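Here is the structure we will look at.
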Amino acid sequence: MNDSIIGLDAWQPCATLMQRRPQIFGSDGKQTVQLKTKSLLLLTLLAPLIAVCALLIKWQDGGAAFYRRRVVGPDGEFDAFKLRTMCPDADAVLQQSPSLRSEFELNSKVRKDPRITALGACLRKLSLDECPQLWNVLRGEMSLVGPRMITLAELKRYGEAGWIFRATKPGLTGFWQVQGRQEIPFEQRVQMDLFYVQNWSLGLDCKILLRTPLVVVRGVGAY
Numbered sequence: 217m218n219d220s221i222i223g224l225d226a227w228q229p230c231a232t233l234m235q236r237r238p239q240i241f242g243s244d245g246k247q248t249v250q251l252k253t254k255s256l257l258l259l260t261l262l263a264p265l266i267a268v269c270a271l272l273i274k275w276q277d278g279g280a281a282f283y284r285r286r287v288v289g290p291d292g293e294f295d296a297f298k299l300r301t302m303c304p305d306a307d308a309v310l311q312q313s314p315s316l317r318s319e320f321e322l323n324s325k326v327r328k329d330p331r332i333t334a335l336g337a338c339l340r341k342l343s344l345d346e347c348p349q350l351w352n353v354l355r356g357e358m359s360l361v362g363p364r365m366i367t368l369a370e371l372k373r374y375g376e377a378g379w380i381f382r383a384t385k386p387g388l389t390g391f392w393q394v395q396g397r398q399e400i401p402f403e404q405r406v407q408m409d410l411f412y413v414q415n416w417s418l419g420l421d422c423k424i425l426l427r428t429p430l431v432v433v434r435g436v437g438a439y
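All residue numbers for the sequence shown refer to this note's numbering, where the first residue is 217 and numbers rise by one.
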C-alpha cells in the first residue's frame, strides 16, 4: 500500500484475538468521534443531494430509490440504508448466474457487476450511495468510522473473530476503505478491520475521517 495513511503500510494481521470487549465499544472517545451533531449537520446539508439522487433513481426504472441491508451490530440486527445502485431484480440476477454468485460469495463484491446501473456506478464512485447511512449514525446504530458492516449470514466467514464484529458498531468509512477500498481482497479487508478494532484510537479515527474525502475524489477501488 504505497499511499497508506499515517505510515500504517507496515500493519500486520493480528496474531491473537482480543478476549475482552473492544475498547472502541462504549468508549467516551468513540462517542465523541461519532459526533451526532455533526452527522445531523452533514445529513441536513446533503439532504437536497440525496433527494435529487433518489428522484433520478426512481425516474430511471421506476424502482425503489432506497435499499435496506440487514446487518449486525452491538444491539442486534438493524437496517442500514443506501441509495439503490442496482437493477430492481438484482438478487434474482445473482441467483441465476453461477459465475456472479461464485465471485460474490468469494469477495462479497463483483467486479464489473452487470447489475449496477449507469447512475448507480456514478453514485458508487463518489460514495453518494452511502450518504443515507448518516441516519443510522444518528440513530446510534453505526459510527462515522468503524469496521465494514456485515450480515448475519456473513458472520460464519469471520470465524472466531465474529464476536468482535458483533460487539463493534460498523462504520460509514473505515481503515481499509481509505487504503484501497474494493481493490483489497476480502480476507485482507477482514484482517485490516481486526487491526483497526484492536488498535483503535481517537487519533486514528480522525485521520481516517480526514483522508476519506481524498479517497472518494480519487475514486480508487470504487465499484
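Ideal placement from N, C-alpha and C gives every residue a C-beta, glycine not left out.
No experiment lies behind these values; they were computed from the predicted model shown.
- Message: Taking only three categories from DSSP, how would you classify R285?
- Response: Here residue 285 corresponds to residue number 69 of the sequence shown, with the count starting at 1. Strand, per DSSP.
- Task: Please name the residue or residues paired with F297 in a DSSP beta bridge.
- Result: Numbered from 1 along the sequence shown, position 81 holds the residue referred to as residue 297. Answer is R284, bridged to F297.
- Would you identify the three-state DSSP class for M302, choosing helix, strand or coil? For the purposes of this step, residue 302 is identified with residue 86 of the sequence shown, where counting begins at 1. In the structure shown, M302 sits in a strand (DSSP, three-state: E or B).
- Message: Rounded to whole angstroms, what is the Cα-Cα separation between D307 and D345?
- Response: Taking the first residue of the sequence shown as 1, we reach residue 307 at position 91. Taking the first residue of the sequence shown as 1, we reach residue 345 at position 129. The alpha-carbon atoms of D307 and D345 are separated by roughly 18 Å.
- Query: Nearest-angstrom Cα distance between R340 and L410?
  - Reply: Counted from its first residue, the sequence shown places residue 340 at position 124. Counted from its first residue, the sequence shown places residue 410 at position 194. About 25 Å.
- Are at least three pairs of beta-carbons, each pair with one atom in the stretch 285-300 and one in the stretch 400-408, less than 8 Å apart? no
- Query: How many whole angstroms separate the CB atoms of T389 and T428, which I take to be in contact at a CB cut-off of 8 Å?
  - Reply: Locating residue 389 in the sequence shown gives position 173, counting from the first residue. Locating residue 428 in the sequence shown gives position 212, counting from the first residue. Right, the Cβ-Cβ distance comes to about 5 Å (below 8 Å), so this counts as a contact.
- Task: Return the residue from the list Q312, W379, Q395 and M302 that minimises the CA-CA distance to L368.
- Result: Translated into the one-based positions of the sequence shown, residue 368 becomes position 152. Checked all of Q312, W379, Q395 and M302; the closest Cα to L368 is W379.
- Item | Through-space distance from S359 to Q407, alpha-carbon basis | Within the sequence shown, residue 407 is the residue found at index 191, counting from 1. Within the sequence shown, residue 359 is the residue found at index 143, counting from 1. Taking the straight line joining both Cα atoms gives about 19 Å.
- Item | Opening and closing residue of the beta strand (DSSP E) in which G387 lies | The residue labelled residue 387 in the question sits at position 171 within the sequence shown. Run containing G387: G387 to T389, per the beta strand (DSSP E) assignment.
- Are the CB atoms of L350 and L258 nearer to each other than 7 Å? Residue 350 sits at position 134 when you count from the first residue of the sequence shown. Residue 258 sits at position 42 when you count from the first residue of the sequence shown. Result yes, Cβ atoms of L350 and L258 sit closer than 7 Å.
- In chain order, what residues of the same chain lie with their CB nearer than 7 Å to the CB of L335, ignoring the 5 residues before and after it? As a first step, residue 335 is located in the sequence shown; it is residue number 119 there, counting from the start. The residues are L272, I273 and Q276.
- Item | For S417, the first and last residue of its enclosing beta strand (DSSP E) | Along the sequence shown, read from residue 1 onward, the residue named residue 417 stands at position 201. Neither: S417 is in no beta strand (DSSP E) and is coded neither H nor E.
- Message: Less than 6 Å between C-beta atoms, sequence neighbours within five positions excluded: which residues of the same chain meet that for G289?
- Response: Locating residue 289 in the sequence shown gives position 73, counting from the first residue. These residues qualify, in order along the chain: E357 and K385.
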